[in-house]
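Some notes on the structure that comes next.
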Amino acid sequence: MRSSGRSGANLPDVQLKSSTASSAIPLGRKAPATRSLRRPIATAVRYCVLLIAALAVVYPFFLMTAGSLKSDSGFMADPVGWARPAHPENYRLAWQEARIPRFTGNSLVVAAGTVLLTLGTASTAAFALSRGRFPGRKAVYLAFVLLLTIPVQIYIIPLYVIVVRARLADNLLGLILPYTAGNLPLAVFLFKTYFDQLPVELLDAARMDGCGRLMTFWRVVLPLSRPILATVTIFTFVQAWNEFFLALVFIHNPDLQTLPLGLQAFFVNQFETRFPQLFATLVLSIGPVLAVYLVLQRQFIAGLTAGAVKG
Amino acid sequence: MTANPFTATDHRCVNRRTFFRRSAKAGVLAGLATLAPSFARSSFGQSAKPYTGPLVLVSQSGAAPDKALPKLLDAFSAANPGVATKLILYPEEKFVAMYTAAQAAGEQVDVLMLNGQDLRRYAMANAVLPFDDVPYKARFLPEALTPFTVGGHLWGVPNGAAGGFVVFANRALLDRHKLSLPTTYDELKQVAAALSQNGVHAFTHPGKVVYMWPVWFFTTFAQTSGNRSLERTAEILSGKGKFTDSDVVEGIDLVFRFSRDHLFSPGVFGLDFPNAQSELQTGKACFYLFHDSIAKPLVEAQSPDLQLDFMLMPKLMDRPVTSQYPGGPGTVLTVPSRITPERKEAALHLVDFLSSDASSRQSLAINGGAVPVNAQVSPSDNPIYQKEKGEISKMVTYLDWFYPPEITKALQEGLQAGLAGRLKAEALAGTLQTTLERLQANGYHFAT
Amino acid sequence: MRTQAVKLSPGNVGNAPSPRAPGTRAWSLDGLGWVPWLAPAVLLLGVFSYLPILVEAGLSLFAADGFSPLRFVGLANFREAFTNADLWTALANNGWYALATVTGKTCLSLLLAVLLHGPLRGRALFRSLFFMPVVLSFVAIGVLWTLIFNYNYGAMNATLAIVGLGDWRRDWLGTPETALPAVIAVDLWKWTGFHVVIYLAGLQSIPPELHEAAALDGANAFQRFWRITVPLLKPFTAVNVLLSSLGAFSVFDLIYVMTQGGPVKATNVAMIEVYLQAFQFNQFGYAAALSVIMLGLIAALSGALLWTFGRQPSGRAA
């Protein structure tokens, strides 16, 4: 396919020769002696650098977890160390006062709705753009990818007017639809790239079996698309779960607030720093999105890399 | 639950009975029980078909939330079956944008609770109803009506309590180091030096929030203008004076002097509201120029390390002037002029209810406040508010209630830049004057 | 938030392959038959993205402050924008931001990916860890990192004091000179793991025989890295550069939660300027004009980068 050809086409001639040469020689175990001597040192260096990087990445998470287990005064006395003694009732307070269950429920509805709607509309549209041969195809595709990185902040006021006119203000659907629209460019782009690389023989085979477009899509294409479905799911879920600005402008009913909005309101309305409780709410709010990522991560990475590695 | 009325279930689910049960705890049952019936549907009187349906109040969520408002709205709904009040809060700094969008979208808004700055702009655009004929003007302190009178008309009724930005001080810190409240700038510097030897900074401030800096200028300009900051502002805005006049330049420079003399805690530009407040609470800083609405929660959170007191800004100059502080008469309740006739009566009725003496008492019991705008309501017994009541004659209306927004913007940004040592007072004054002259060239006229 | 979620994978852009397959051709060519496939997505995008953008573009021709009625002013808002120093300062900040994040993310993620590539115990764990910041919300990032950079009780200053660099302590986000670098550091922290994943995909696509053979020819690890790995990773580098540059010019959320453009406009990037003009200063027409300018700029930049990137595969890397 195209992308594998890309890697191949890039090879400088010398390397191609080496490659040919190498395949003639038995490989693997016969590595030069110096290399095997160096290996333990190299591995140690690798671990060192990776560990330092991992520490830098994880440190804020540590800070948050440790902070969430401190008492208010304990936090002020030592905001950077581990919590001694642990003070788990922050979680109970956060759960009750910050209304985590309610906000989590709203966020789940919004995130799930956005994911499903995005998967449904983007995959079908991308399939049409990938396999259809109709006039205006390129223009439609361009219209999607043009908005890849346009932040919603710059047109939020007209968007709000539209949402209110559509009677969707103070309604979770009023978040789901704009979120979906915001995720479509990326999702269509990812799906189309992926579909473009599906072997055409597969589709032909389905056609021979008498499948129409819909059947082919449903029976052949989608089952083969699990990695890209996972990739789009994660991106969309993360976006919808974390989105704050649109929700702030669109949702005024406290019962409909999503998690980031609710946490912000909780934090600001209290108007006093209770970092430990705030951290506890943050830890609780990260849980679901981290879970989705960890469950889907194998597929996700496969999907993300499919466009390039596939061949 | 009381900790967070805007998100807590009690906002939505409270019924009349639970409301009264809670009110009884606050000791205002008697007042409301007699009040509510008089505001019940029957009082719509001559109206043949009273309005039923949602009634929407739009307000601003600022630094300290109004914890009484949701309860009062529920009481109104309970007393008027068929009317469902709804509270919408827009964040203070996004208010105009969001209200504009709501208007463009045709969203229902029946009552507005505004600050004086926004009221003035909506009044000048005739976007709110005049309240000249309101029969209960006598409820309010006459001074509380003045800031809401623009171009000879009253555009709403005051609500809450008058109060402003005082200099909070942590008495516990001062006592521990045998210091007293400074009355002059030199004394302030000595106190600051003594504190800093003990690792305590003089002032904390939410310096990251750019719109919080102008109160410093209002405070210094009150002194450099010889206690004529309001009159001088009117003169400048109407072209009879200039921002480049020496009293303005001196006022700006006195703000910068706090920074030059290292009177702010070192991380001041990185602090937001909770950060700044926690610096005061944890004894990292001793003084805090802030709005009195935080007095109630802070007094309730007092500890051996925090004994809350306040002062007015020490005398900053050798000249004989009185120290004054910026503030305003609470918020203002008004009705958008685009309201439909059938909802207008209900909206005015809600304004009447919310600004009544009983509501004011209820609100004061919950929120605190120095000088209630309702003349017959006595102030909160919180010691800070009791003390502030004695100083209320020294309160001067926020000058930015009169500024066009362009001036406010230039002042906010310029003050922050100057405090960071990047701008001189003369330069900022020049920018302000240029901005004003450009506005005047485009037809800006100051309305009194 | 929406902006930052816009991350994409390497792949074909623009021109799709044209498989001349007799079987699928029949339905491929059926234009009208595709309408229901496209309609939902096109409708959503049209109503909730293009329509508001068009309204915004229209608004840019008016003076609008939220109080007085709209007044048609033609291109005055645009003239104002181009002569206003604030826009240029903001764009310059975007430029620095782009330079630093693109270089930083590309180098860091390449380094980490190379170290992670190949058999290594705990490889999957590292990869998951590096990716974790990507799923963290901006609200959480704002709270955490402003705390870390806090002068009095931030981890940054505490660490400096511990390692004997007490003199280096400062108010990282509150000092104009350090605020932008501090925000850039957080951006690197958040997104590097994402770019690592892309590079890992690239490394997997390089046949291991190449390295083995080059080693036999006497090339050391460094030479192999420069002569084999780097050239073969070119398409993936292109993706990473594309994504991080677009991200740098549309950055909003991170700065909004950390500094709101301050102090003294040190971190005032273009999108923050648009936001402040509309929400804090109620200059809706002017903000709309800025939006249109940024829209054009980002579209042009995406176009240019996508074009370059689209050409990349066909170009020989010799």
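These protein sequence lines are chains X, V and E, in that order.
Taking my numbering, the leading residue of the first sequence gets 79, the next gets one more, and so forth.
Taking my numbering, the leading residue of the second sequence gets 5, the next gets one more, and so forth.
Taking my numbering, the leading residue of the third sequence gets 319, the next gets one more, and so forth.
Even for Gly, the Cβ is constructed at its ideal location relative to N, Cα and C.
*Say whether chain X places a C-beta atom closer than 8 angstroms to the C-beta of Asp122(V).*
Residue 122(V) sits at position 118 when you count from the first residue of the second sequence. Look at Asp122(V): its C-beta is not under 8 angstroms from any C-beta on chain X.
*Helix, strand or coil at Ser149(X) [DSSP, three-state]*: Walking along the first sequence from the start, residue 149(X) turns up at place 71. It is coil, neither helix nor strand.
*With 8 angstroms as the C-beta to C-beta threshold (strictly closer), list the residues of the stretch 279-290 of chain V near chain X in chain order.*
Asn279, Gln281, Ser282, Gln285, Thr286
*chain E beta carbons: is any one of them nearer than 8 angstroms to that of Lys212(V)?*
Start at 1 with the first residue of the second sequence, and residue 212(V) comes out as number 208. Closer than 8 angstroms to some Cβ of chain E, the Cβ of Lys212(V) qualifies, so yes.
*If you draw a straight line from the alpha carbon of Ala431(E) to that of Thr626(E), how long is it in whole angstroms?*
As a working mapping, residue 431(E) is identified with position 113 in the third sequence. As a working mapping, residue 626(E) is identified with position 308 in the third sequence. The alpha-carbon atoms of Ala431(E) and Thr626(E) are separated by roughly 24 angstroms.
*From the DSSP output, in three-state form, read off Gly159(X) for me.*
Taking the first sequence and counting its residues from 1, the one referred to as residue 159(X) is at position 81. Reduced to three states, the DSSP call for Gly159(X) is coil.
*Leu59(V) by DSSP, collapsed to three states: which one?*
Sequence index remark: in the second sequence, residue 59(V) carries index 55 (1-based). In this structure, DSSP gives Leu59(V) an extended state, which the three-state scheme calls strand.
*Boundaries of the alpha helix (DSSP H) in which Thr493(E) is found, first to last residue*: Residue mapping note: residue 493(E) aligns to position 175 of the third sequence, counting from 1. It is not in any alpha helix (DSSP H) - Thr493(E) carries neither H nor E in the DSSP assignment.
*Report, in whole angstroms, the separation of the C-beta atoms of Ile590(E) and Val501(E), which I expect to be a contact under 8 angstroms.*
Taking the third sequence and counting its residues from 1, one reaches residue 590(E) at position 272. Taking the third sequence and counting its residues from 1, one reaches residue 501(E) at position 183. The pair is not a contact, with the Cβ atoms about 11 angstroms apart (cut-off 8 angstroms).
*Span of the alpha helix (DSSP H), counted from its first residue to its last, around Val432(E)*: The residue labelled residue 432(E) in the question sits at position 114 within the third sequence. In the DSSP annotation of this structure, the continuous segment of the alpha helix (DSSP H) that includes Val432(E) starts and ends at 403-434.
_Residue(s) in a DSSP beta bridge with Asp313(V)_ = Locating residue 313(V) in the second sequence gives position 309, counting from the first residue. Bridge partners of Asp313(V): Ala173(V).
*Looking at Thr314(X) and Val193(X), is the spacing between their C-beta atoms short of 8 angstroms?*
Within the first sequence, numbered from 1, the residue matching residue 193(X) stands at position 115. Within the first sequence, numbered from 1, the residue matching residue 314(X) stands at position 236. Closer than 8 angstroms, so yes.
*asked:* Could you tell me the alpha carbon to alpha carbon distance between Phe456(E) and Leu361(E), rounded to whole angstroms?
replied: Counting from one through the third sequence, the residue named residue 456(E) turns up at place 138. Counting from one through the third sequence, the residue named residue 361(E) turns up at place 43. One C-alpha to the other measures close to 29 angstroms.
*asked:* Only counting the same chain, and skipping five residues up and downstream in sequence, which positions put a Cβ closer than 6 angstroms to that of Trp220(V)?
replied: Here residue 220(V) is taken as the residue at index 216 of the second sequence, counted from 1. Correct list, in chain order: Val259.
_Short of 9 angstroms Cβ to Cβ, which residues in the stretch 76-105 of chain V face chain X?_
Lys90, Leu91, Ile92, Leu93, Tyr94, Pro95, Lys98, Ala101, Met102, Thr104, Ala105
*Can you name the residues that DSSP bridges to Lys90(V)?*
Looking up residue 90(V) in the second sequence gives position 86. In the DSSP output, where bridge partners are listed per residue, Lys90(V) has Val60(V).
*Would you list, in sequence order, the uninterrupted alpha helix (DSSP H) runs of no fewer than 4 residues that lie entirely inside the stretch 364-444 of chain V?*
387-395, 409-423
_Identity of the residues DSSP links to Thr208(V) by a beta bridge_ = Locating residue 208(V) in the second sequence gives position 204, counting from the first residue. Answer is Tyr292(V), bridged to Thr208(V).
*Beta-bridge pairing of Thr153(V) - partner residues as DSSP gives them*: Within the second sequence, residue 153(V) is the residue found at index 149, counting from 1. Residue pairing from DSSP places Thr153(V) in a beta bridge opposite Leu158(V).
*Best match in Glu374(E), Asp348(E), Leu369(E) for proximity to Phe602(E) [C-alpha to C-alpha]*: For the purposes of this step, residue 602(E) is taken as the residue at position 284 of the third sequence. Checking every option, the nearest Cα to that of Phe602(E) belongs to Glu374(E).
*Assumed close pair Val241(X), Phe328(X) - CB separation to whole angstroms, cut-off 8 angstroms*: Residue numbering aside, residue 241(X) sits at position 163 when the first sequence is read from its first letter. Residue numbering aside, residue 328(X) sits at position 250 when the first sequence is read from its first letter. Sure, about 6 angstroms apart at Cβ, within 8 angstroms.
*Contact with chain V by Phe449(E), beta-carbon distance below 8 angstroms*: Translated into positions along the third sequence, residue 449(E) becomes position 131. No, because no Cβ of chain V sits closer than 8 angstroms to the Cβ of Phe449(E).
*Compute the minimum distance between the beta carbon of Tyr126(V) and the heavy atoms of the ligand PLP, and state whether it is under 7 angstroms.*
Summarising the ligand content, the structure contains no ligands, and the ligand PLP is consequently not present.
*Close beta carbons around Arg304(X), own chain, < 7 angstroms, minus the five adjacent residues each side*: As a position in the first sequence, residue 304(X) is number 226, starting the count at 1. For Arg304(X), where only same-chain residues beyond five positions count, the Cβ hits under 7 angstroms are Gln377.
*Is there a Cβ from chain X that is less than 8 angstroms from the Cβ of Tyr593(E)?*
Walking along the third sequence from the start, residue 593(E) turns up at place 275. It does; some Cβ of chain X falls within 8 angstroms.
*Look up Arg545(E) in the DSSP assignment and say whether it is helix, strand or coil.*
One-based indexing of the third sequence puts residue 545(E) at position 227. DSSP places Arg545(E) in the helix class (H, G or I) of the three-state scheme.
*Is it the case that the Cβ atoms of Gly167(V) and Val377(V) are separated by a distance below 8 angstroms?*
Along the second sequence, one-based indexing puts residue 167(V) at 163. Along the second sequence, one-based indexing puts residue 377(V) at 373. Their beta carbons are not under 8 angstroms apart, which means Gly167(V) does not touch Val377(V) by this criterion.
*Is it buried or exposed for Asp535(E), if we count other Cβ within 10 angstroms and need 16 for buried?*
As a first step, residue 535(E) is located in the third sequence; it is residue number 217 there, counting from the start. When all chains shown are included, Asp535(E) counts as exposed.
*asked:* Pairs of beta-carbons, one from the stretch 574-593 of chain E and one from the stretch 480-500 of chain E, closer than 8 angstroms: are there three or more?
replied: yes
*Does DSSP put Met117(V) in a helix, a strand or coil?*
Translated into positions along the second sequence, residue 117(V) becomes position 113. Residue state, collapsed to three classes: strand.
*Taking C-beta pairs closer than 8 angstroms, name the residues in chain E that Thr258(X) reaches, listed in chain order.*
As a working mapping, residue 258(X) is identified with position 180 in the first sequence. Those within 8 angstroms of Thr258(X) in chain E are Leu362, Phe366.
*Quick one: grab the DSSP three-state call for Phe390(X).*
There is simply no residue 390(X) to check, as chain X begins at 79 and stops at 389 in what is shown.
*asked:* What does the Cβ neighbour count give for Asp387(V), buried or exposed, with the cut at 16 atoms within 10 Å?
replied: Counting from one through the second sequence, the residue named residue 387(V) turns up at place 383. Note on residue identity: the sequence assigns Pro, not Asp, to residue 387(V). By the beta-carbon neighbour count (other beta carbons within 10 angstroms, threshold 16), Pro387(V) is exposed.
*asked:* Assess contact between the stretch 416-432 of chain E and the stretch 543-559 of chain E, defined as three or more Cβ pairs (one per stretch) separated by less than 8 angstroms. Is contact present?
replied: Taking one beta carbon from each stretch, the stretch 416-432 of chain E and the stretch 543-559 of chain E have 3 or more pairs nearer than 8 angstroms; the two touch.
*Identify, in the order they occur along the chain, each residue of the same chain with its Cβ nearer than 6 angstroms to the Cβ of Val370(X), setting aside the five sequence neighbours on each side.*
Residue mapping note: residue 370(X) aligns to position 292 of the first sequence, counting from 1. Closer than 6 angstroms at the Cβ level, and outside the excluded window around Val370(X), lie Phe315.
*Below 6 angstroms CB to CB, which residues in the same chain sit around Gly86(V) once its five sequence neighbours on both sides are set aside?*
To locate residue 86(V), count along the second sequence from 1; it is residue 82. Contacts found: Thr56.
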